[in-house]
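Right, one structure below, let's go through it.
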Amino acid sequence: MKEQNKGKKPWFFVDGPPYTTGHIHLGTAWNKILKDTILRYHRMKGLDVIDRAGYDMHGLPIEVRVEHELGFENKKDIEAYGIGTFIERCKQFAISHKEIMSDQFRALGIWMDFDNPYQTITPDYIEAAWWALKKAHEKGLLERGHRVVNWCPRCETAIADSEVEYWDEEDPSLFVKFPILGKPDEYLVIWTTTPWTLPANVAVAVDKDFVYARVSAEKDGKTEYLWIAESLVEDVLKKGRYQDFSILEHKTGKELAGTRYTSPLADQVPRQKDIEHRVVLAGFVEMDNTGMVHIAPGHGWDDYLLGIQEGLDVFCPVDGAGHYTAEGGIFAGKFVRDANEEIVKSLGSFLLARKKIVHRYGHCWRCKTPIIYRATEQWFISIPKIKEQMLSEIRATTWYPEWAGSARFHDFVSDARDWCISRQRYWGIPIPVWECKDCNKQMVFGTMAELNQAAGSNLTDPHRPYVDQITVPCSCGGTMHRVEDIFDVWFDSAMASWATIGFPAKKEMFEKLWPADFILEGQDQTRGWFYSQLGASTIAFNRSPYKQVLMHGFALDGDGKKMSKSLGNVVSPEEVVEKFGVDVLRLYILSANAPWEDLKFNWESVSTVNRTINILWNVYRFPLPYMILDDFAPSSMGDTWNPDFITRSLREMPDEDRWIISRINTVTRQVTADMKEYNLHRLSRGILNFVLEDLSRWYVQIVRPRMWLEEDSLDKKYAYETIYYCMRTLCRLLAPYAPHIAEEIYSNLRLEGDPVSVHMLSWYEGEERLIDSDLETRMGLIRSFDEAVANARQAGKRKLRWPVGTVTVVAKNEVVSKAFSSMYNLACQRANAREILVITDQYDKILWKAEPIMKKIGPSFGKIGPQVKKLIEEADAIAMRNQIAEKGVYAIAGPEGEITITTEHVMFTEVMPDNIFSAEMTDATVFVDVTLTADLEAEGYTRELIRRIQEMRKQLNLNVEEMIVIDAIVQDSHLFELLTQSWQDAISKEVRATALSIHQNGSDRDTTTLWQLDRDWDIEGLTVTIGISVAENSR
RNA sequence: GGGCCCGUAGCAUAGACAGGUGGUGCACCCGGCUGAUAACCGGGAGGUCGUGCGUUCGAAUCGCACCGGGCCCA
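Note that the numbering used here has the first sequence beginning at 42, numbered continuously upward.
Encoded structure:
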């Protein structure tokens, strides 16, 4: 197939690279199944589909796994072990796990190029990232600066926001007094949960409009003056166990701004003595705790921004491992969280109150260490400078669903800040910036060749530590060394759209294909890959790298909760495949809900899909024995099949054949239309529904007798041709969604000259000329009739096996009458009725009941009301109804003369005669007369007998073509008479008997024959003994 | 705290953009069928359409608020 489409119109798909963890979960499976389905469809449409898979193989998660294997605890262990060997271990880990995952994807029937996937660790891929960074540099978008970042003190690196995992943690909750400069015993009161950030305090923030109070507070005979937001005073003082207080003065935050104070830790942290602490205004201050916020620009994002704005010191006395530096005074060398206690002690009388708090705190997602915020030197891409362009590219892209782009992604990008692309780790793409220590000159290299040329080196693997050894002579005479950082892994995958087609090393493919026609990922990738790719591509090419995006949901458990190991609610794709097979998993996932909604996994629904697939399998298998028996071969052109015979014979074919042909073409057109909008749930439901309702429940039921015809007949041939056509068409329709079952059915049905695989066929869109919507409407009515008759029969307790005399249909319109006149035989057959009468006026067998209306009778007749009621009930309701309809009045002879009843005294309701049962169908009412005549009774019993003989054949495991002899004893004389009168031949023929003898007495039986199976049956309360044997001559 | 999406029977879903008697499947109960058979088919019962307020002659559908779930951000 792929060969066939080579050189045709290309369709450029880019695979969002999964991270090489080594195992896939349901969400990953969903993701790839959606991709595979859509890719297969486009291949069938004759497009040259670029289906290269990809893997994201760098990054901290792998480093942490390897560290764990080696029993390492921190960066020093890695450095001691040797970065080179460490990197090799990481590489091995990534490659081996990539292989495992490729096998898992292949097992799901994912038909993508896993033999040659793009990998973020190959030199050409790394060059793609270098090239992009150089572009950013050239455009002035690459910046280096101090920023507060999430920092893992164990991994000793900045980590991305997305790498922070939150859960509840208990921390101290401290209220601290900051002494106001020059005012003894007067303090600002702040609140913090991170005592270790107090040595870095430089300011206190207040809201400009909040009202703050100066209170004199009494405690153990001492008086202090405290500044606290007015509405919080009482609460805070209670926590501090003050015995009494009074408010002396009010000031707004604005008035308070500029107030100078000193650090309570000035003695312990000498550096604090140089800092000019003051009160500043900020927008993020909230009215809780004390209404005053401790500001440490070295340890908080908001703090940092405020610091820049207010010109505050960015003081960060904490190193990469989370230890205080020499600037941390007496705390130097201590790990920050361990220093908490000592800091609290050092606060002494400056501590107003100490409580505990349980709150959400961030942790490193891989090593679970609580993170800290640290101002560090990092590399950034200045997103705000290209934001407008990014937003306009979002609008130019087609999103499925529309709101994924116009609302969700748009809003995310609108709020986007600078993108921190640097990490202080080992296993990643090295940032290609060389710096001269002497003159601070920087060079950014876009390729290894450029670097090798400048350095006179021969670098082949651009990973650390090899790349770190390359030095470049600087124009100042000094030597340039690479900066130590590596890239954030999101920068890696952002290159995918051009790296996967070999750019920048090779240009042809890029010029031909880029940007991508289509990408597809989960909603979490809004901030992930959708974003990183758009950012990188806007930097490099000023445009979006993709034209169409389909965003899918998340796989949740049955309760709509996230699947997680700790909750024990994880369902693995392997588990589903093991129980039901790949195609069932695929069809379940596709049909369960719209792609962009979250999937609540539900085993029951999986097994429902499984049942439908099983029915498909049964439908496919059912005609095979007859076809084989008859040596059926579909009409063909030489040894290749095509639907010419169907098209040519369509006019002559029976209604049901033309109907199912029309249906499958209608369904096919609908599937094609749904595919255009990626309504995969609608289309898969449409296919499954067709199999269940149209093919299995209706067509196969109707066509069965035609397959059992003994002799060759056109009717049988049409049935064979039709079902063959349906199965061939269905295979093609199913190929993208259930590739295995489609292939299995196809490979058995295909002719010698047909393509060897269903996956080599082109997509079929359905043909208008094979669709007869009139016929579909009429057949729909007959189906509705079929159900109504079953309904009425059930009410009348008449089994379907027993024929009924007349079924009357009161039609509400022409269309219904037409349906019955054109498909009369089919309707009779389905209803098992001798005749069907279709009328458009009133049904004359309906009886009426007169119900007295006492509310009116009382006032009209007074005392004799109850007697009138009785008279009405006893009267001939039909005569009464007719007379009232005619004359408006009805006269009854009452005890005191004639009584005149008018329309207001009585209400008429329909009454069904005893043997007639009704049911509603579309645009009509069906009346079934279940009255038995001798003839109907005889046929009913005959069918009862036949069914029991068939049951016995089955017990003996007889083949369809084997003949039998039957002996039956029917003691009931009425039944004996019915069965022996005229139905014996019919029985013999139906059950394939060469001889049938029915006796009334057991003593009449031929005792010389030993019956292979002999048993008593209860038929409607009467006992019948039946013995059967295989006929001699059929053996 | 903010953005987006979702909430319909025991469970899973359609209907919502374009307001007008809430459909379907599974499970349940009852029945049928028996040349697809460790299958298949029909019927019945089951709903405060998350809650409240509003718009309207009329709201599952439109608006607002709240509650619950998911993804993302802070």
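All C-beta atoms, glycine included, are put in the ideal place defined by N, C-alpha and C.
Just so you know, these numbers come straight off a predicted model, no measurement behind them.
Y302 beta carbon less than 9 Å from that of L229: yes
Rounded C-alpha distance that separates A1009 from R1046: 8 Å
Local conformation of P503 per DSSP, three classes: coil
One or two residues paired with T849 in a DSSP bridge: L878 and F968
With 16 other Cβ atoms within 10 Å as the buried cut-off, status of T763: buried
Three-state class that DSSP yields for R1076 in the structure shown: In this prediction, R1076 scores a pLDDT of 43, lower than 50, which makes its location untrustworthy; the coordinate-derived value is nonetheless stated afterwards. DSSP places R1076 in coil when its eight states are reduced to three.
Straight-line gap, F54 to V385 (C-alpha atoms, nearest Å): 58 Å
Nearest neighbour of D526, chosen from T488, N866 and P473 [CA to CA]: P473
Residue from E549, M333 and D885 whose Cα sits closest to the Cα of L215: M333
Cβ separation of L1080 and I1039, assumed to be a contact under 8 Å, to the nearest whole Å: Outside the shown range of the chain (42 to 1076) lies residue 1080, about which nothing can therefore be said.
beta-carbon K910 near the ligand GDP non-hydrogen atom, thresh 8 Å: For the structure depicted, the ligand GDP is absent and the ligand set is empty, with no information on it obtainable.
Where the beta strand (DSSP E) through H340 begins and ends: Segment: none, H340 is in no beta strand (DSSP E) and carries neither H nor E.
Cα-Cα separation, T417 to L353: 16 Å
Other residues of its chain near T881: CB distance less than 6 Å, five sequence neighbours each side excluded: A852
K838 versus N832: straight-line alpha-carbon distance, rounded: 10 Å
Distance between W232 and I398 (C-alpha atoms, nearest Å): 12 Å
Contact the region 53–69 vs the region 84–96: 3+ CB pairs below 8 Å: yes
Buried/exposed call for A367, threshold 16 Cβ in 10 Å: exposed
Exposure of V623, with buried meaning 16 or more beta-carbon neighbours within 10 Å: buried
Counted within 10 angstroms of its Cβ, other Cβ atoms place L822 as buried (16 or more) or exposed: buried
Range of the contiguous beta strand (DSSP E) that encloses T417: I413 to I422
Classification of W444 by the beta-carbon crowding that lies within 10 angstroms, buried from 16 upward: exposed
G935 beta carbon less than 9 Å from that of V909: yes
Integer-rounded CB distance, given that L977 should sit under 8 Å from G846: 6 Å
Nonlocal neighbours in the same chain, by C-beta distance under 7 Å from R1076, ignoring five residues either side: Reliability fails at R1076, whose pLDDT of 43 lies under 50, so the model's placement of it is uncertain and no value is given.
Among P503, P675, A836 and R415, the one whose alpha carbon lies nearest that of W192: R415
According to DSSP, residues forming a beta bridge with H187: E418
Three or more C-beta pairs below 8 Å linking the region 576–583 and the region 418–427: yes
Nearest neighbour of A868, chosen from D955, E985 and I743 [CA to CA]: I743
Separation of M85 from P777, as counted between CA atoms: 8 Å
Length of the line joining the Cα atoms of S498 and V454: 41 Å
S304 and V256 closer than 9 Å at C-beta: no
Alpha carbon of E317 to alpha carbon of M431, nearest angstrom: 42 Å
Rounded distance between the beta-carbons of V708 and F731, thought under 8 Å: 5 Å
Element boundaries [beta strand (DSSP E), containing C232]: Here the sequence assigns Trp to residue 232, which means Cys is not the residue at that position. That run of the beta strand (DSSP E) goes E227 to T233.
Pairwise C-alpha distance: A258 and N330: 17 Å
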